[in-house]
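Numbering (the numbering used here), first residue to last: 18 to 421.
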């Protein structure tokens, strides 16, 4: 069953199509994952999962926290949203486990290349449209995604995976695609996270002492990215956003204010709930925290900007799950560490597959400190899937991934 390919295409492409569900929306990719898990069970032999007890313990702890927060939360609304989204997340979590354990045919480089092509072409088409309509040069195209940061988080695992392909045309297309996106829709998220993913993937695929030549290559790639950042047409916007993080006034960059308010809301929500958290998917409930950045945004008429997700995933996790959320994030970071330093030895996977899985997890964990949306977003689900695959996939299944 091509579970990896199904989840990958769903999270990258179908996630851009939203289905409204009352007070929140659900991407079409979640529906595709539900259907894939259901039909994947038909006529299949039972699969032996690894680390079942740890998974059940996590689900039990998450359910206990949900119940406790539902009764003790300071929120005055959004309980219905919390209950519905928690139920859907639980089902999706179980479906991802099923798919991860049954995956026996990872996506090929051709499939990843086609997927990357769809994204780049959509960005180019939008850029042409912006030129034709005479739109402001400050507007950056994001193709099938809502904004450049969402584009970056979705496309980074694909770009990095192809960079580790054995085929030269895959690597060339990856660099050409990266250069095109940096020039047309460059974002700080894309520059920073792609560099982190390249380093992590290189370590994961090498699994031996890094030589002087290898170190030089790493510095060359990082140096090239810094060069592209400096000469990017969006350098002014990057500089304004970075400087705006250190001050909260009307002269600050709006993106910077949104990022700052994420941290301020996190601290306030953690403090007012004594570390319990607001409850699953209840960030943005009333009463909302009042911070320096939120007051500025209110006066600018932008008080509703990112109040429900904190502008980045870590903010949402800690605001809603409190101490338990920090524990979860720490555990996920540990799993990623094991994927980087152990997986190449334990699982004889092709470099392109290792780079894809490591990068998807990196986008979730480290990209979560920069940007993000909800627990059902494409990048979040994709990263969660590969983390779960590292936990539950039987060792004998891993033998087939050398076919890439």
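Backbone N, C-alpha and C fix where the C-beta goes; we use that ideal spot for every residue, glycine too.
- The C-beta distance from residue 282 to residue 337 rounds to 11 Å, too long to meet the 8 Å contact threshold.
- Counting only runs of 4 or more residues that sit fully inside the stretch 68-121, the alpha helix (DSSP H) segments are 69-89 and 96-119, in chain order.
- No Cβ-Cβ contact shorter than 8 Å links residue 165 with residue 194.
- About 10 Å separates the Cβ atoms of residue 289 and residue 339, ruling out a contact at the 8 Å cut-off.
- Restricting attention to 41, 76 and 156, the CA atom closest to the CA of residue 143 is found in 156.
- Straight-line spacing of the CA atoms in residue 186 and residue 206 works out to 26 Å.
- The continuous stretches of beta strand (DSSP E) do not include residue 287, which lies in the alpha helix (DSSP H) extending over residues 271-289.
- Per DSSP, reduced to three states, the secondary structure at residue 204 is coil, with no helix or strand assignment.
- CA-to-CA, the gap between residue 190 and residue 397 works out to about 25 Å.
- Annotated three-state conformation of residue 41 is strand, per DSSP.
- The beta carbons of residue 327 and residue 279 sit closer together than 8 Å.
- Counting the other CB atoms within 10 Å of its CB gives residue 158 a total of 16 or more, which places it among the buried residues.
- One thing to note: residue 294 has its Cβ within 8 Å of the Cβ of residue 341.
- Contact check between the stretch 146-155 and the stretch 78-93: fewer than three CB pairs, one atom from each, fall below 8 Å, which does not count as touching.
- CA-CA distance, residue 48 to residue 107, rounds to 14 Å.
- At the C-beta level, residue 126 and residue 42 stay beyond 8 Å of one another.
- Taking the Cα positions, residue 92 is about 43 Å away from residue 124.
- Sixteen is the threshold: since fewer than 16 other Cβ atoms of the shown chains lie within 10 Å of the Cβ of residue 240, the residue is exposed.
- Taking the Cα positions, residue 332 is about 29 Å away from residue 70.
- Check the Cα spacing between residue 271 and each of 237, 313, 373 and 171: the tightest is with 313.
- Residue 355 is classed as exposed because its beta carbon has fewer than 16 other beta carbons within 10 Å across all chains shown.
- C-alpha of residue 102 to C-alpha of residue 297: approximately 8 Å in a straight line.
- Beta-bridge partners assigned by DSSP to residue 357: none are found.
- For residue 167, the closest of 330, 371 and 374 by C-alpha to C-alpha distance is 330.
- Rounded to the nearest angstrom, the gap between the Cα atoms of residue 399 and residue 379 is 11 Å.
- In the three-state DSSP reduction, residue 374 falls in the helix class (H, G or I).
- With respect to the 8 Å criterion, residue 375 and residue 212 are not classified as neighbours on the basis of their beta carbons.
- In terms of Cα proximity to residue 219, the closest of 184, 405 and 180 is 180.
- Burial is judged here by how many other beta carbons sit within 10 angstroms of a residue's own beta carbon; residue 348 has fewer than 16 and is exposed.
- The shortest CA-to-CA distance from residue 79 to any of 382, 304, 334 and 173 is the one to 334.
- By the neighbour-count criterion, in which a residue is buried when 16 or more other Cβ atoms sit within 10 angstroms of its Cβ, residue 67 is exposed.
- Its chain contains 329 and 330 as the residues whose beta carbon lies nearer than 6 Å to that of residue 389, once the 5 sequence neighbours on both sides are disregarded; these appear in chain order.
- Residue 110 holds the alpha-carbon nearest to the alpha-carbon of residue 77 among 94, 110, 51 and 96.
- For residue 277 and residue 35, the gap between their C-alpha atoms comes out near 27 Å.
- In the displayed model, residue 128 falls within a helix according to three-state DSSP.
- Counted as a single uninterrupted DSSP element, the alpha helix (DSSP H) harbouring residue 173 occupies residues 165-180.
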